[in-house]
Amino acid sequence: MMNRNGMVTKIRTRIRTDPFKNIYDLVGRELGRGKFAVVKKCVEKTTGKEHAAKFLKKRRKGQDCRGDILNEIAVLESADMSPYVVALHEVYETTTEIILVLECFGESVPISDGGYENSAAGGEIFTQCVADNDEAFTEKDVIRLAKQILMGVACLHQNNIVHLDLKPQNILLTSAQPLGDIRIVDFGLSRRVDSVSEVREILGTPEYVAPEVLDYEPISTATDMWSIGVLTYVMLTGESPFLGEEKQETFLNISQVNVDYSQDVFHGVSDLAVDFIQSLLIKNPRKRATVDQCLTHPWLSLDLHHLSLEAPLDEQDTSQSESEPESPIPSTDLVL
Ligand code: ADP
Ligand code: MG
């Protein structure tokens with residue numbers, strides 16, 4: 001069942017109305033919060049298993065938003081076969097709230113006062129996008145993560161669902177060190193695209209929204225592809241391509257597709273990566289690369305092995321002892 005705005009409100013998960021607190025203990029502080037939700041770590045009493053509980057108010061700004069929450073649940077259900085989309089475990093409803101019990105990311109680290117600090121780091125890829133050099137992603141990392149994001153988004157697009165809020169805060173990592181896998185979260189703005197869409201009401205975060213959203217033109221799967229272009233840019237460079245001093249400036253940068261691809265920003269990054277981003281940050285949504293085209297882009301098959309300073313032992317040359325003199329240039333020379 002779907003309404004005019006592309007919202008799906010028919011769900012198959014049974015909504016429990018018995019008290020959430022009978023089944024789960026809340027532990028630690030918040031894992032995160034967004035515009036309308038607070039997410040807290042909880043432990044299932046009978047199994048000891050950790051989950052993330054997303055608390056959503058049914059009324060926001062005096063409006064009934066239960067339909068929006070059902071839509072979020074329906075979208076999670078339709079993507080449940082993708083390993084790169086957060087898994088939904090259970091749903092509870094109280095008089096004021098709906099609670100989504102989700103697969104949990106981010107570790108609780110004990111803090112000095114005896115309580116627990118939940119680091120959403122584990123957490124959002126956002127943390128590493130803004131991190132200093134030694135913690136920032138390498139291009140090799142970004143290739144692996146971009147592939148996973150694309151595979152998650154491919155599953156949505158195959159089901160005619162657009163996420164519409166792809167940004168670093170909504171992409172979580174199963175672990176930060178060593179770098180784990182990604183999970184896409186937050187389907188609060190997601191819509192079905194085989195319908196007439198009222199984009200006016202579903203503006204995402206300015207820095208990541210596509211030009212057609214600003215122009216109130218129809219949204220499509222291409223709208224997500226724009227955001228993936230912005231996301232990839234941020235992961236590789238640590239800089240947000242369209243962010244201006246003020247919202248208006250950001251919007252102008254987006255509608256003029258004013259992007260800096262100079263070596264200043266992209267030093268040490270391959271030309272193929274820049275080509276990948278350029279195939280997405282295109283104003284006309286019909287000319288943008290689709291998720292399937294992106295998945296076959298040569299950047300994703302780029303072998304950056306030679307960039308690794310510690311080449312695996314089995315690839316080191318051990319036959320040099322007898323004849324030729326050793327080359328003074330190590331084979332792991334950085335060339336890009
Ligand atoms: P909103 O719709 O309000 O933006 P989100 O679903 O994005 O809510 O959740 C807000 C924040 O909570 C996220 O940015 C993330 O930091 C954290 N979070 C969300 N889901 C999980 C989860 N399953 N495990 C750990 N942290 C989460
Ligand atoms: Mg969010």
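Each residue of the sequence shown is one higher than the one before, starting from 1 at the first, in UniProt numbering.
C-beta atoms are modelled at their ideal positions from N, C-alpha and C, and glycine is treated no differently.
Exercise. Any idea what DSSP makes of residue 155, helix, strand or coil?
Worked result: helix
For this session: Identify which residue in 43, 162, 42, 94 has its Cα closest to the Cα of residue 56.
Result: 94
Problem set entry | Whole-angstrom distance between residue 275 and residue 281, CA atom to CA atom | 10 Å
For this session: Please name the residue in 247, 43, 143, 78 whose C-alpha comes closest to that of residue 229.
Result: 143
Exercise. Listed by chain order, which residues have C-beta atoms less than 5 Å from any heavy atom of the ligand MG?
Worked result: 34, 170, 186
For this session: Report buried or exposed for residue 82, applying the criterion of at least 16 other Cβ atoms within 10 angstroms of its Cβ.
Result: buried
Problem set entry | residue 405 in three-state terms, based on DSSP | This structure cannot settle anything about residue 405, because the visible part of the chain is limited to 1 through 336.
For this session: Please indicate yes or no: does the CB of residue 54 lie closer than 8 Å to some heavy atom of the ligand ADP?
Result: yes
For this session: Return the residue from the list 270, 246, 237, 249 that minimises the CA-CA distance to residue 260.
Result: 237
For this session: Give the range of the alpha helix (DSSP H) segment to which residue 21 is assigned.
Result: 20 to 23
For this session: Could you check what DSSP says for residue 191 in three-state terms: helix, strand or coil?
Result: strand
Problem set entry | Cβ-Cβ distance between residue 126 and residue 171 below 9 Å | yes
Exercise. Start and end of the alpha helix (DSSP H) containing residue 282?
Worked result: First-last for residue 282: undefined, no H or E at that position.
Exercise. Using the C-alpha atoms, what's the distance from residue 18 back to residue 100?
Worked result: 14 Å
For this session: For residue 216, count neighbouring C-beta atoms within 10 Å of its own C-beta (all shown protein chains included) and say buried if the count is 16 or more, exposed if not.
Result: exposed
Exercise. Quick one, are the C-beta atoms of residue 103 and residue 58 less than 9 Å apart?
Worked result: no
Exercise. Quick one: is residue 227 buried, meaning 16 or more other Cβ sit within 10 Å of its Cβ, or exposed?
Worked result: buried
Problem set entry | Alpha-carbon spacing of residue 302 relative to residue 272, whole angstroms | 8 Å
Exercise. Would residue 262 be called buried (16 or more neighbouring beta carbons within 10 Å of its own) or exposed?
Worked result: exposed
Exercise. In three-state terms, what does DSSP make of residue 271?
Worked result: helix
For this session: Would you mind stating whether residue 52 and residue 41 have Cβ atoms separated by less than 9 Å?
Result: yes
Problem set entry | Of the residues 178, 183, 207, 162, the one placed nearest residue 192, counting alpha carbons only | 162
Exercise. From what residue to what residue does the beta strand (DSSP E) around residue 53 run?
Worked result: 50 to 57
Exercise. Alpha helix (DSSP H) containing residue 76: first to last residue?
Worked result: 66 to 78
For this session: Evaluate residue 317 with the Cβ neighbour count: other Cβ atoms within 10 Å of its Cβ, from every protein chain shown; 16 or more gives buried, anything less gives exposed.
Result: Low confidence applies here, because residue 317 scores a pLDDT of 44, under 50, leaving its location unreliable; read the following figure in that light. Residue 317 should be labelled exposed.
Problem set entry | 8 Å contact criterion, which residue 289 and residue 225 should meet: CB distance rounded | 6 Å
Exercise. From residue 145 to residue 181, what does the alpha carbon distance come to, in whole angstroms?
Worked result: 7 Å
Exercise. Given residue 36, which residues of its chain have a CB within under 8 Å of its CB, disregarding the five upstream and five downstream residues?
Worked result: 56, 57, 60, 65, 188
Exercise. Is it the case that the CB of residue 274 approaches a heavy atom of the ligand ADP more closely than 8 Å?
Worked result: no
For this session: Would you list the one or two residues that DSSP bridges to residue 60?
Result: 63
Exercise. Taking the C-alpha atoms as reference points, what is the distance between residue 283 and residue 150?
Worked result: 20 Å
Problem set entry | Three-state class that DSSP yields for residue 8 in the structure shown | strand
Problem set entry | Backbone secondary structure at residue 35 - three-state DSSP | coil
Exercise. Whole-angstrom Cβ separation of residue 250 and residue 211, contact assumed at under 8 Å?
Worked result: Not really, about 12 Å apart at Cβ, beyond 8 Å.
Exercise. Roughly how many angstroms lie between the CA atoms of residue 213 and residue 203, to the nearest whole one?
Worked result: 7 Å
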